[in-house]
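Colleague:
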Amino acid sequence: MLMKRTFLLTWMVAIATLMQVQSEIKLPAIFADHMVIQRDASTKMWGKADANKRVTVVTSWNLKRYTTTSDANGNWQLDITTPRAGGPHTIVISDGKPMTLSNVMSGEVWLCSGQSNMEMPMKGFNSQPVEGSAMDILKSANSKIRLFTVARNHSLTPVDDVKGTWQEAAPISVRDFSATGYYFGRLLNEILDIPVGLINSSWGGSRIETWMNEEMLAGFPRTVIHRETENVKQPHQKPLYCYNAMIHPLTGFAIRGAIWYQGESNRNNSEEYAELFGAMVKGWRTKFNNPNMPVYFCQIAPFEYKDGRNSAYLREAQLKATTIVENTGMAVLMDAGERVNIHPAKKKEAGERLALLALSKTYDMPGISGESPVYKSMKISNDTVTITFDNAPVGVAAPDFQSQLFTVAGEDRVFYPARTRITGSKITVISDQVKEPKAVRYAFENYLIGDLKGADGLPVSSFRTDNW
1 MLMKRTFLLT WMVAIATLMQ VQSEIKLPAI FADHMVIQRD ASTKMWGKAD
51 ANKRVTVVTS WNLKRYTTTS DANGNWQLDI TTPRAGGPHT IVISDGKPMT
101 LSNVMSGEVW LCSGQSNMEM PMKGFNSQPV EGSAMDILKS ANSKIRLFTV
151 ARNHSLTPVD DVKGTWQEAA PISVRDFSAT GYYFGRLLNE ILDIPVGLIN
201 SSWGGSRIET WMNEEMLAGF PRTVIHRETE NVKQPHQKPL YCYNAMIHPL
251 TGFAIRGAIW YQGESNRNNS EEYAELFGAM VKGWRTKFNN PNMPVYFCQI
301 APFEYKDGRN SAYLREAQLK ATTIVENTGM AVLMDAGERV NIHPAKKKEA
351 GERLALLALS KTYDMPGISG ESPVYKSMKI SNDTVTITFD NAPVGVAAPD
401 FQSQLFTVAG EDRVFYPART RITGSKITVI SDQVKEPKAV RYAFENYLIG
451 DLKGADGLPV SSFRTDNW
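Residues 1 to 468 (my numbering) are what the sequence shown spells out, left to right.
1. When the Cα of T229 is compared with those of S265, L217, N153, which residue comes out closest?
2. Starting from the C-beta of R353, find all residues in its chain whose C-beta is less than 8 Å away, skip the five residues before and the five after it, and write them out in chain order.
3. Where does K238 sit, in a helix, a strand or coil, going by DSSP?
4. Along the alpha helix (DSSP H) that carries D79, what are the first and last residues, could you check?
5. Does DSSP put P98 in a helix, in a strand, or in coil?
6. Considering only C-alpha positions, which residue in the set P88, W284, Y243, I387 is nearest to S425?
7. Using DSSP's beta-bridge definition, name the partner residues of Q128.
8. From the DSSP output, which residues share a beta bridge with N200?
9. Which residues in the same chain as A397 place their Cβ atom closer than 8 Å to its Cβ, once the five residues preceding and following it in sequence are excluded?
10. Do S173 and C112 have their C-beta atoms closer together than 8 Å?
11. Give me the Cα-Cα distance between T328 and E316, rounded to the nearest whole angstrom.
12. With distance defined between alpha-carbon atoms, name the residue in V104, R65, Y66, T69 nearest to A84.
13. Can you tell me where the alpha helix (DSSP H) with M280 in it begins and where it stops?
14. Between the C-alpha atoms of G114 and S206, what's the straight-line distance to the nearest angstrom?
15. With DSSP collapsed to three states, give me the class of M120.
16. Specify, as a first and last residue, the run of the beta strand (DSSP E) that P417 falls within.
17. Can you tell me where the alpha helix (DSSP H) with P342 in it begins and where it stops?
18. Kindly confirm or deny that the segment 180-199 and the segment 334-354 touch, where touching means at least three C-beta pairs closer than 8 Å.
19. Among residues of its own chain, excluding the 5 on either side of S133, which ones have a beta-carbon nearer than 6 Å to its beta-carbon?
20. Which residue from A49, N117, G219 puts its Cα closest to that of A301?
21. To the nearest angstrom, how far is it from the Cα of Q128 to the Cα of S143?
22. Please go through the same chain and pick out, in chain order, the residues whose beta-carbon is closer than 7 Å to the beta-carbon of W211, but skip the five residues on each side of it.
23. Locate the alpha helix (DSSP H) running through I172, then write down its first and last residues.
24. Would you check whether the ligand FMN has a heavy atom nearer than 7 Å to the C-beta of T100?
25. Here's the rule: buried if 16 or more other CB atoms are within 10 angstroms of the residue's CB, otherwise exposed. What is L63?
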């Protein structure tokens with residue numbers, strides 16, 4: 001009898017323990033200790049509890065109590081109001097048994113996405129370093145910069161969660177985080193003097209289509225959607241898979257904006273890229289419920305591709321995207337490429353130029369500009385072409401007032417090297433081989449290190465005046 005009672009008691013304790021475990025609140029990975037929430041905003045919180053359970057959230061910054069009830073499947077969701085920049089704060093979530101999120105900061109949250117040049121960590125890839133990273137990693141400890149890396153994952157259908165953890169910036173965390181993302185966030189934190197949260201969701205070699213869902217891709221009939229659910233080969237090259245697994249689970253989380261470094265894998269369909277980018281941005285803005293969300297991106301850097309189409313056409317498409325997609329900006333990297341390394345070491349330039357765009361366009365800092373000069377018009381007079389630029393208030397510049405990277409063509413469409421002379425925001429271009437010029441190109445090759453910049457030092461994109 002004693003053994004029977006002991007067994008019954010043990011069984012009851014086990015059942016009670018199991019019920020208690022089942023009744024605990026479960027949160028997505030993005031809600032955790034050390035997180036950053038978007039300041040001065042309304043953001044969703046969501047998770048799992050027992051079915052039809054009352055869930056309460058209490059925020060320490062205003063001691064406000066938010067309540068909701070989970071549905072028949074245990075899912076719950078509510079909106080909380082976030083405070084001005086600062087912290088640390090706590091958030092207590094309870095369905096009868098409380099759990100606490102501690103060391104929560106309120107600040108600016110940015111999503112960092114794209115392919116390998118966004119994914120490339122501060123420690124570099126094998127035999128491919130990030131310039132200056134050793135000292136920057138050493139000095140990286142900063143409790144006001146928080147990092148979250150989304151683990152690679154793929155799915156044909158939307159999933160509910162990602163894998164990852166929030167970490168404070170420190171050598172051990174920064175060395176494994178996106179270099180472009182870190183340099184972007186570090187400069188924002190330094191200038192704005194508020195907490196910054198960075199969410200890195202990127203995958204090397206990925207095409208833009210994989211970061212889009214079916215709705216975003218509806219206008220692109222040439223895009224083939226593969227329907228594999230098992231043993232998927234190269235999911236990062238196929239539509240839907242990365243969006244469903246690495247972006248969709250984040251879309252309820254309030255963010256200020258996104259930075260993007262991608263395009264190398266889309267060189268061979270560059271004619272569609274500007275429109276694809278526009279559709280992705282529009283879709284992300286809808287899903288994040290952020291209609292004017294800023295999206296700043298890196299133009300791909302020069303590299304000596306050995307196959308496929310000249311990558312200058314992709315850079316041209318990226319430049320076009322800035323004219324058709326509002327509230328975007330492009331960081332030009334014509335001076336940052338490497339002939340035989342597709343992962344250039346100058347990630348500080350990439351991240352800080354993205355931050356310049358954000359500081360000038362999103363945070364409205366006076367007296368600065370993050371945008372490079374842009375080709376405006378061409379005028380032909382006999383054998384001389386005059387090129388003018390927009391966004392060059394104090395002109396363009398090159399060594400000895402002469403760019404070496406212009407070419408000129410006549411009716412035969414054969415381009416010859418040209419001599420140039422810079423005067424303010426104008427460049428005169430002439431070639432002895434072309435007496436009746438029809439078109440001009442600047443650095444319009446796979447690999448050429450740009451020599452033309454704005455007077456503020458930001459490089460000019462490769463461009464052409466023709467549409468041949």
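Every residue, glycine too, gets a C-beta built ideally from N, C-alpha and C.
Source: prediction; values computed, not measured.
Modeller: Taking the coordinates as given:
1. For the purposes of this step, residue 229 is identified with residue 229 of the sequence shown, where counting begins at 1. T229 has its Cα closest to that of N153, out of S265, L217, N153.
2. Stepping through the sequence shown from its first residue, residue 353 is reached at position 353. The residues are C298, A331, V332, L333, G370, L458.
3. On the sequence shown, residue 238 is found 238 positions in, with the first residue counted as 1. K238 falls in the coil class under three-state DSSP.
4. For the purposes of this step, residue 79 is identified with residue 79 of the sequence shown, where counting begins at 1. Counting along the chain, D79 falls outside any alpha helix (DSSP H), though it belongs to the beta strand (DSSP E) covering 75-81.
5. Taking the first residue of the sequence shown as 1, we reach residue 98 at position 98. Reduced to three states, the DSSP call for P98 is strand.
6. Counting from one through the sequence shown, the residue named residue 425 turns up at place 425. Taking only the C-alpha atoms, the option nearest S425 is I387.
7. As a first step, residue 128 is located in the sequence shown; it is residue number 128 there, counting from the start. The partner list for Q128 (beta bridge, DSSP) reads F125.
8. Taking the first residue of the sequence shown as position 1, residue 200 is located at position 200. C112, T149, per the DSSP bridge assignment.
9. Within the sequence shown, numbered from 1, the residue matching residue 397 stands at position 397. Taken in chain order, the residues that qualify are I422, L452, K453, G454, A455.
10. Translated into positions along the sequence shown, residue 173 becomes position 173. Translated into positions along the sequence shown, residue 112 becomes position 112. In this structure, C112 does not lie closer than 8 Å to S173 by Cβ.
11. In the sequence shown, residue 328 corresponds to position 328, counting from 1. In the sequence shown, residue 316 corresponds to position 316, counting from 1. If you take the alpha carbons of T328 and E316, they lie about 15 Å apart.
12. For the purposes of this step, residue 84 is taken as residue 84 along the sequence shown, with counting starting at 1. A small correction: the amino acid at residue 84 is Arg; Ala does not occupy that position in the sequence shown. Taking only the C-alpha atoms, the option nearest R84 is V104.
13. Position 280 of the sequence shown, counted from the start, is the residue given in the question as residue 280. Where M280 is concerned, the enclosing alpha helix (DSSP H) stretches over 270-287.
14. Along the sequence shown, read from residue 1 onward, the residue named residue 114 stands at position 114. Along the sequence shown, read from residue 1 onward, the residue named residue 206 stands at position 206. Using only the alpha carbons, I get a separation of about 7 Å.
15. In the sequence shown, the residue the question calls residue 120 occupies position 120. M120: coil per DSSP, three-state reduction.
16. Translated into the one-based positions of the sequence shown, residue 417 becomes position 417. First-last of the beta strand (DSSP E) with P417: 415-417.
17. Stepping through the sequence shown from its first residue, residue 342 is reached at position 342. As written in the sequence, residue 342 is Ile, which differs from the Pro given in the question. Here I342 belongs to no alpha helix (DSSP H), and DSSP marks it neither H nor E.
18. yes
19. For this step, residue 133 is matched to residue 133 along the sequence shown. The residues are M122.
20. Numbered from its first residue, the sequence shown carries residue 301 at position 301. Checked all of A49, N117, G219; the closest Cα to A301 is N117.
21. If you number the sequence shown from 1, residue 128 lands on position 128. If you number the sequence shown from 1, residue 143 lands on position 143. Q128 and S143: Cα-Cα distance of roughly 29 Å.
22. Taking the first residue of the sequence shown as position 1, residue 211 is located at position 211. Closer than 7 Å at the Cβ level, and outside the excluded window around W211, lie S113, C242, Y243, I247, M280.
23. As a working mapping, residue 172 is identified with position 172 in the sequence shown. From DSSP, the alpha helix (DSSP H) with I172 extends over 171-174.
24. Only the bare structure without any ligand can be found here, which leaves the ligand FMN out of the picture.
25. The sequence position of residue 63 within the sequence shown is 63, counting from 1. Looking at its Cβ environment, which holds fewer than 16 other Cβ atoms inside 10 Å, L63 is exposed.
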